[in-house]
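Colleague:
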Amino acid sequence: MSKSTFTIEEMDIKLKTNYIGTNFIFYDEIGSTNEELLKDNTITQHGSVLFADNQFKGRGRLSREWISYKDNSLTFSILLTEKLNAKTLNLINFAAAISVAEAIENLFQLDIRLKWPNDVLVVTRKVCGILVESISKGDKIERVVVGIGVNVNQPMFEGHYNIPPTSIRKEFGKVVSRERLLAEILNEFETNLKKVHKNPLIILDNWRMRCKMIGEKVKVQDGEKEIFGIFEDIDENGFLILRDNKGTKKIFNGDVSLK
Ligand code: BTN
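Numbering follows the working numbering, with no gaps: position 6 of the sequence shown is 6.
1) Let me make sure I understand the geometry here. Which of K212, V218, I214, G138 has the alpha-carbon closest to that of N85?
2) Under three-state DSSP, which class holds N54?
3) Say the cut is 7 Å; is the CB of Q55 nearer than that to a heavy atom of the ligand BTN?
4) Could you say which of E158, K174, K126 lies nearest to N151 if we only look at CA atoms?
5) Between the alpha carbons of V120 and I141, how many angstroms are there, rounded?
6) Quick one: grab the DSSP three-state call for N176.
7) Could you check the C-alpha separation between G21 and L186 for me, to the nearest Å?
8) With 16 as the cutoff for other CB atoms within 10 Å, does D255 come out buried or exposed?
9) Any idea if Q55 is buried or exposed, counting beta-carbon neighbours within 10 angstroms, 16 or more meaning buried?
10) Going straight from the alpha carbon of P200 to that of I234, what length do you get?
11) Taking the alpha carbon of R210 as the reference point, which residue from L258, Y19, I112, I227 has its own alpha carbon closest?
12) Helix, strand or coil for I104? Go by DSSP, reduced to three states.
13) Please determine, among I92, G223, I13, M213, the residue with the shortest C-alpha to C-alpha distance to I148.
14) Could you tell me how far apart the beta carbons of V144 and L89 are, in whole angstroms, since I believe they sit closer than 8 Å?
15) Hey, how far is the Cα of L107 from the Cα of N245?
16) Kindly indicate which three-state DSSP category N151 falls into: helix, strand or coil?
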């Protein structure tokens, strides 16, 4: 196994959080950071971050896989064990997407847009995916894991993708520091997570502002099912409101694309 090029100290210097990432668990190699953090009950501290330098079986939304490359990507998961309820899960998702957007804007001034429910794009190209998963006992949520994968220094992408992928390196034109970017994402996430609980309307408005599909004609693909309509808005829980000639309906899952 080759030695990692990720330097925890370099990340630590830039980390300004009170609890997100203060317990940092580093793996050279692991199947999925989400899977590990969901099942490892020895990790209990709220805000713990489990990071993999090489994630070789990454999980994506809708049972897809998330492909990442050693030394070129950020693949990590954040554990939340406090103030959990099912209604805030989508908002946590939005808070994560906004945090990645803000971090990339702060450091690289790229034109970042958000796509429902949890993609981070540079204009139309996907730079980051987010997968929030949870474990419940009865109706009590015990652990929430916020998994974030960012394409950072990949020079190019091969293969076929639903949405064309990109990396920060491709868009910014230079290799960038993964440590600096990770610290910035975690800093922003701690701030945004506070808003999820104290002022969720700010999170919803911030997300709306960054989603350029609202008001547009879209197609929602959910498995075999295709639904067409106008992306009217998101509701207070982050679900998509779609309008067609019969009225409005709520969309809880699926892939949205412009029509
Ligand atoms: C998607 O766009 O489909 C979501 C991708 C989420 C990928 C991240 S990488 C870190 C974490 N661990 C996983 O197995 N998946 C998430």
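Glycine residues also receive a C-beta, built at the ideal position from the N, C-alpha and C atoms.
Modeller: Looking at the coordinates:
1) G138
2) strand
3) yes
4) K126
5) 26 Å
6) One detail in the question is off: residue 176 reads as Val in this sequence, not Asn. Coil, per DSSP.
7) 7 Å
8) buried
9) buried
10) 13 Å
11) I112
12) helix
13) I92
14) 7 Å
15) 43 Å
16) strand
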